[in-house]
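773 is the number of the first residue of the sequence shown in the numbering used here; add one for each residue after it.
Right, one structure below, let's go through it.
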Amino acid sequence: MQWGMQNRMSRIVQPDTGHTVMLAVDHGYFLGPTSCIEDAQKTIEPLIGYADVLMPTRGVLRNCVSAKTQTPIVLRVSGGTSVIGEALSNEGITTAFEEAIRLNVAGVALSIFVGTPHERQTLLSLSELVNQGERYGIPVIAVTAVGKELGKRDARFLGLCSRIAAELGCHLVKTYYCEEFEKVIEGCPVPIVIAGGPKLETEMDAFRMVADAIKKGAVGVDMGRNIWQNPHPVAMIKAVRALVHENATPDGALEIYMHEKG
Ligand code: R5P
């Protein structure tokens, strides 16, 4: 791996623990002003210091994040569809690679929609992004999207998507946690982070999911709603950090959460 690529990867996956807590705040690119991130600046400000990486679109980055931040950015560069449109899967690349370089990002992220009519276009977009990423030493994160069909989140489907993304050259896969998650990990030769998905009923549900994912080999999380839709988002991200970086148990994480929320 060339120096620039390696250096950026080590800004994403922390070299001291081999893990990462990425904070996903890109939801507006297809969901609009989603609950608890209507004012993105207000949501991001208290949390950014606790995230190893922030994942916004360029619009939120430019308008809602201080350029003085020391938190590395993974930029969402795919989109073009909305939750009320015909097909969420009909995504393209929305942001020029030069723009990502200008914004001094640590990585770029794009969704692939395997098993949809737009599978080919999103996979070719991934390949194009990887070509550019290799040229400039910028890691590419492939997000194995499921669109509105959350039921698709099983090991067979996510394993297939993750492996294809890795074969096409991405440097990190973002997928969902699922039963038999170890099979997804086994079949994917690049590191995997998990998304949180829609907010779970209790904090403990989220802690158990993160702990299991780490135990089974995920290098971390790229989590949004289960952090910033929680009434105590800072307490939540601190607890998630303990799970990811310090091998805390779900009970330990709950203790941290209860203590931090005051
Ligand atoms: C995925 O494509 C979304 O844009 C989010 O980045 C992703 O789902 C992670 O956020 P959450 O933990 O809320 O699912």
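Glycine included, each C-beta is placed from N, C-alpha and C at the ideal position.
Val849: not part of any alpha helix (DSSP H); DSSP gives it neither H nor E.
Excluding five sequence positions before and after Arg980, the CB atoms of its chain that fall closer than 6 Å to its own CB belong to Pro1022, given in chain order. DSSP places Thr894 inside the alpha helix (DSSP H), whose first and last residues are Glu891 to Tyr908.
Under the three-state reduction of DSSP, Asp811 is assigned to coil, being neither helix nor strand. Non-local beta-carbon contacts of Lys955 in its own chain, meaning distances under 6 Å to residues more than five positions away in sequence, involve Ala927 and Gly931 in chain order. Comparing C-alpha distances from Met1030 to each of Asn1019, Tyr908, Pro1003 and His1017 shows the shortest one belongs to Pro1003. Counting along the chain, no alpha helix (DSSP H) covers Gly992; the unbroken beta strand (DSSP E) around it starts and ends at Gly992 to Met995.
Here the distance from the Cβ of Ala812 to the nearest heavy atom of the ligand R5P is not below 7 Å. For Asp994, the shortest separation between its Cβ and any heavy atom of the ligand R5P lies below 7 Å. Distance between Asn1019 and Arg892, taken at the CA atoms: about 39 Å.
The alpha-carbon of Pro970 is positioned some 32 Å away from that of Gln904. When rounded, the separation of the alpha-carbon atoms in Leu1026 and Glu900 is 42 Å. Nearest neighbour of Glu951 by Cα position, chosen from Leu940, Arg925, Met976 and Glu973, turns out to be Arg925. Contact annotation: Gly996 and Val797 have beta-carbon atoms nearer than 8 Å.
Selection Gly968, Glu958 and Leu895 evaluated against Ile936 yields Leu895 as nearest (Cα-Cα).
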